[in-house]
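One structure below.
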Amino acid sequence: MEEKQGEVVLFGTWTSPFCTRVELALKLKGIPYEYVEEDLKNKKECWNTTPKLLPEDPHQRAKLRFWANYYDQKVVPFFYITARAKGKEEIEKAIEDLSQVLKVFEEGIEKDFPGQNPFFNGDSLGYLGISIGSHGCNYKAAHEVVDAVIISEKNPKFLSWINALKNCPLMEETLPPHDKLVARLRVVLASTQA
Numbered sequence: 001m002e003e004k005q006g007e008v009v010l011f012g013t014w015t016s017p018f019c020t021r022v023e024l025a026l027k028l029k030g031i032p033y034e035y036v037e038e039d040l041k042n043k044k045e046c047w048n049t050t051p052k053l054l055p056e057d058p059h060q061r062a063k064l065r066f067w068a069n070y071y072d073q074k075v076v077p078f079f080y081i082t083a084r085a086k087g088k089e090e091i092e093k094a095i096e097d098l099s100q101v102l103k104v105f106e107e108g109i110e111k112d113f114p115g116q117n118p119f120f121n122g123d124s125l126g127y128l129g130i131s132i133g134s135h136g137c138n139y140k141a142a143h144e145v146v147d148a149v150i151i152s153e154k155n156p157k158f159l160s161w162i163n164a165l166k167n168c169p170l171m172e173e174t175l176p177p178h179d180k181l182v183a184r185l186r187v188v189l190a191s192t193q194a
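Residue numbers (the UniProt record's numbering): 1 to 194.
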């Protein structure tokens, strides 16, 4: 879907239930849109420029997508659970649970990508680096807001990966400023605890 001059353009295929979901929602909300049938073998909105975010090998691509999804579905929620925890014991439990989920992530990455750095595709950031780094590289802001060490040496591989991503010039340039992020996270946390 893209927006053109105030108009929504929905690229889809008539057989897709996911496209149908979007169409139903647009119709329900009364949002006018233009539907463009997409040839899935020759997509219009595809950039074949370098650097590539994903490797060419379909199996490698699938593994990278799996671990990005694992991070989003399993790891990210524990940051919020930890932030909302009350009292020392509850915070320590949330941090320990996060550490265990990160351990599975570390072991899975090591198993699926032995001797490789799956966070980069060659010399540039890759799909997994973007997915994990955009969230994980802000861990020090989370430490400050929660007033606890959330990511520690209990997960040395993860900590090493995140710090390497933080040192990537593109990541440094794009991440939100630490102080502004801390201030914003405090506001968001306070509003969820009210």
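Glycine included, each C-beta is placed from N, C-alpha and C at the ideal position.
Beta carbon of residue i nearer than 7 Å to that of residue j
| i | j | result |
| --- | --- | --- |
| Gly126 | Leu175 | no |
For residue j and residue i, the rounded distance between their alpha carbons
| i | j | result |
| --- | --- | --- |
| Ser99 | Glu37 | 45 Å |
| Lys74 | Leu185 | 20 Å |
| Ala142 | His59 | 34 Å |
| Glu23 | Glu144 | 43 Å |
| Phe78 | Asp112 | 23 Å |
| Gly122 | Pro55 | 9 Å |
| Leu28 | Phe18 | 15 Å |
| Glu107 | Lys86 | 30 Å |
| Leu102 | Leu128 | 15 Å |
| Arg65 | Arg21 | 23 Å |
| residue 243 | Leu165 | The requested residue 243 is not part of the displayed model; the chain covers only 1 to 194. |
| Ile150 | Ile95 | 6 Å |
| Gln5 | Arg61 | Any reading at Gln5 must be qualified, since the residue scores a pLDDT of 49, below 50, and its modelled position is unreliable; no value is offered. |
N-terminal and C-terminal residue of the beta strand (DSSP E) that residue i is part of
| i | result |
| --- | --- |
| Pro37 | Residue identity differs from the one stated: residue 37 is Glu in this sequence, not Pro. Element bounds for Glu37: Tyr33 to Glu37. |
Paired residues, beta bridge with residue i - DSSP
| i | result |
| --- | --- |
| Phe79 | BP columns for Phe79 are empty, so no partner. |
| Leu10 | Tyr35 |
| Asn120 | Position check: residue 120 holds Phe in this sequence, whereas Asn was assumed. Leu125. |
Alpha helix (DSSP H) segment containing residue i, residue limits
| i | result |
| --- | --- |
| Asn163 | Pro156 to Lys166 |
| Gln69 | In the sequence as presented, Gln is not what sits at residue 69; that position holds Asn. Counting along the chain, the alpha helix (DSSP H) containing Asn69 begins and ends at Pro58 to Tyr70. |
| Lys86 | No alpha helix (DSSP H) contains Lys86, which DSSP labels as neither H nor E. |
| Ser191 | His178 to Gln193 |
| Glu153 | Per DSSP, Glu153 belongs to no alpha helix (DSSP H) and is neither H nor E. |
| residue 238 | In this structure the chain extends from 1 to 194, so residue 238 is not present and cannot be described. |
Candidates the options: closest to residue i by CA position
| i | options | result |
| --- | --- | --- |
| Asn167 | Gly133, Gln193, Ser191 and Thr82 | Gly133 |
| Asn138 | Ala85, Val76, Phe119 and Gly87 | Val76 |
| Val182 | Ile162, Asp147 and Glu173 | Asp147 |
Minimum Cβ-Cβ distance from residue i to chain D less than 7 Å
| i | result |
| --- | --- |
| Leu185 | The question asks about chain D, but that chain is absent: this structure has only one protein chain. |
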